[in-house]
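In the numbering used here, the protein residues as written are 587 to 1009. Contents: one structure, followed by commentary.
This is how it looks when you write it as C-alpha cells:
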C-alpha cells in the first residue's frame, strides 16, 4: 500500500512526531510510506528521521532559504479550512488552506493519515474520494474545546476511520460523536525495545520525565518525595524535562529543603539512557492521553508508580504486577507506593521484570501490524471508492455555513453599532 501521513511539523520535537516516525519506519518495511509536513522551519529534522520514508513539506518557514513563504500575503490571513477551535489555528492561514488542499487533491495514495484534529478536518474535506481517510487522535476528545468538538461531530463523518491511543478515548468518540459508518479503533503508541541493558533495581534513584507543566503535577511528586526522604534519606529523585513550571518547582524544592535529594536535570535527548539508571519511575499527572514515559520506563525494566488519571496509565500498568496505580492528587498515596517498592528489594525486582515483559506489547512491529490490518481492510472493502452525494456533502457543510452566516451578521451588527456611537 501507498500510505501518506500529514504532520504539523516534522522538523520539530514532540510526542506525535516521535510516534509518527516510529509507525512510518515500521510500516515502510512492507509498504510505500511518506510523510508530508505542513511546516518546515529548519534544514534537518530535530528528531532522527525514519529511514526508508520520504519527507516533504508544504510551507517553508526558513527565513534564509530561497523558498521562504513567510512573506506571502496569504500567510498572514487566517485559515478557513483549518478549524478555528483547534489550538494551532493561529499558525495556519489561507496559505496553508491552499497548500494542503492542493497536496490532498494531487495525492494518489491508498491511505492518507492525519495526525491532529485540524489536519483530519482537511483530510475529511479535501482528500480524493478514492483514498482511505484516517484521522488519528493523539490527545483525547474531552481535552478539545467545545467549539472544536462541535465541528468534529460533522466533519469526521467523512472519514473512514479514527484511531485513538486508548480504548477509553475510543469509547468517548463512539458515544460522544455518533459517527455511523466510521471505524473507531484504539491503537496504542509504539515504543522500540531499549538498546541498553535493563535496570537491575539496585540504584537508589527514582526517575521522572516529561514537560514541566502544571498538568504533570511535579509539585505533587516533590511533596510526596519529601515523605520518602524522611523515611529513606538514602534515596534521591531525578526529574528530566523543561517547561514553564521549572521556576516554581525549583522554589518548592528549596522550600522543602530537598535540594540534595531532588534534582531538576533539564532536557535529556535521547532519554532512553536515563531510565535504566533508576529503579523506580514516577508519574503524577492529572491527565495522560497515553503515557509514553510510562512505557519507555517499563521497556527499560523499571516499574512505574503512577496516578490513576485519565486515560492512559490504567491501560498500561497492571496494578501490583508491573507497577502501582494511586489516586490522583494524593501525595500521601504516592509516597506510600514509592516506599513500598523502596523498602522491598524483591518486590521491586519482580515488578521490574514484569514491566519489561509486559511492555513488549507496545513494540513497533506489533502496533504497525494493527494499523496495516485496519488500512488493508478498509482498502479491500472499497470504502476508499465511496462517493458522497451533493446532498450529503451539503448536510455536512450546513452547520458551518450557519456559523459563518451568523459570524458575518454579528460583524455587520457590531459595525453598525460602532458607527452609531461615533456619529
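Glycine included, C-beta positions come from ideal geometry on N, C-alpha and C. Only a predicted model underlies this, so the values are computations on that prediction, with no experimental measurement involved.
Rounded straight-line distance, which links the Cα of residue j to that of residue i
i: residue 840; j: residue 900; result: 33 Å
i: residue 757; j: residue 966; result: 26 Å
i: residue 581; j: residue 814; result: Beyond the ends of the chain as shown, which are 587 and 1009, falls residue 581; an answer cannot be given.
i: residue 825; j: residue 708; result: 38 Å
i: residue 728; j: residue 714; result: 29 Å
i: residue 619; j: residue 639; result: 6 Å
i: residue 609; j: residue 804; result: 30 Å
i: residue 702; j: residue 607; result: 15 Å
i: residue 993; j: residue 773; result: Only weak support is given to the placement of residue 993: the predicted model assigns it a pLDDT of 49, under 50, and the question is left unresolved by the model.
i: residue 670; j: residue 681; result: 15 Å
i: residue 952; j: residue 844; result: 42 Å
i: residue 957; j: residue 837; result: 45 Å
i: residue 657; j: residue 720; result: 33 Å
i: residue 897; j: residue 672; result: 21 Å
i: residue 768; j: residue 696; result: 17 Å
i: residue 927; j: residue 946; result: 22 Å
i: residue 726; j: residue 763; result: 13 Å
i: residue 591; j: residue 600; result: 16 Å
i: residue 817; j: residue 835; result: 22 Å
i: residue 819; j: residue 916; result: 21 Å
i: residue 827; j: residue 895; result: 20 Å
i: residue 857; j: residue 849; result: 16 Å
i: residue 950; j: residue 881; result: 12 Å
i: residue 986; j: residue 668; result: Confidence at residue 986 is low in this model, with a pLDDT of 46, below 50, so the placement of that residue is unreliable and no value is reported for it.
i: residue 822; j: residue 629; result: 40 Å
Local conformation of residue i per DSSP, three classes
i: residue 822; result: strand
i: residue 769; result: strand
i: residue 597; result: coil
i: residue 719; result: strand
i: residue 639; result: coil
i: residue 928; result: helix
i: residue 644; result: strand
i: residue 748; result: strand
i: residue 602; result: helix
i: residue 884; result: helix
i: residue 810; result: helix
i: residue 860; result: coil
i: residue 727; result: helix
i: residue 851; result: strand
i: residue 660; result: helix
i: residue 830; result: coil
i: residue 622; result: strand
i: residue 909; result: strand
i: residue 945; result: helix
i: residue 607; result: helix
i: residue 844; result: coil
i: residue 590; result: strand
Local Cβ density within 10 Å of residue i, reported as buried at 16 or more and exposed below that
i: residue 907; result: exposed
i: residue 688; result: exposed
i: residue 802; result: buried
i: residue 676; result: exposed
i: residue 846; result: exposed
i: residue 595; result: buried
i: residue 733; result: exposed
i: residue 912; result: buried
i: residue 683; result: buried
i: residue 831; result: buried
i: residue 865; result: buried
i: residue 615; result: exposed
i: residue 636; result: buried
i: residue 706; result: buried
i: residue 786; result: exposed
i: residue 963; result: exposed
i: residue 731; result: exposed
i: residue 650; result: exposed
i: residue 943; result: exposed
i: residue 686; result: buried
Cβ-Cβ separation, residue j to residue i (assumed contact under 8 Å), whole Å
i: residue 921; j: residue 867; result: With 8 Å as the limit, residue 921 and residue 867 do not qualify as a contact, their Cβ atoms being about 15 Å apart.
i: residue 870; j: residue 807; result: 4 Å
i: residue 776; j: residue 948; result: 6 Å
i: residue 941; j: residue 909; result: 6 Å
i: residue 738; j: residue 712; result: Their Cβ separation, rounded to whole angstroms, is 16 Å, which puts residue 738 and residue 712 out of contact at 8 Å.
i: residue 783; j: residue 862; result: 7 Å
i: residue 589; j: residue 699; result: 7 Å
i: residue 597; j: residue 632; result: 6 Å
i: residue 724; j: residue 954; result: So it is not a contact: roughly 16 Å between Cβ atoms.
Contact with chain C by residue i, beta-carbon distance below 8 Å
i: residue 909; result: Of the protein chains in this structure there is only one, and it is not chain C.
**Q.** Cβ contact (3+ pairs, closer than 8 Å) linking the segment 738 to 746 and the segment 879 to 890
**A.** no
Q. Quick check: the segment 777 to 793 against the segment 755 to 769, are there 3 or more CB pairs under 8 Å?
A. no
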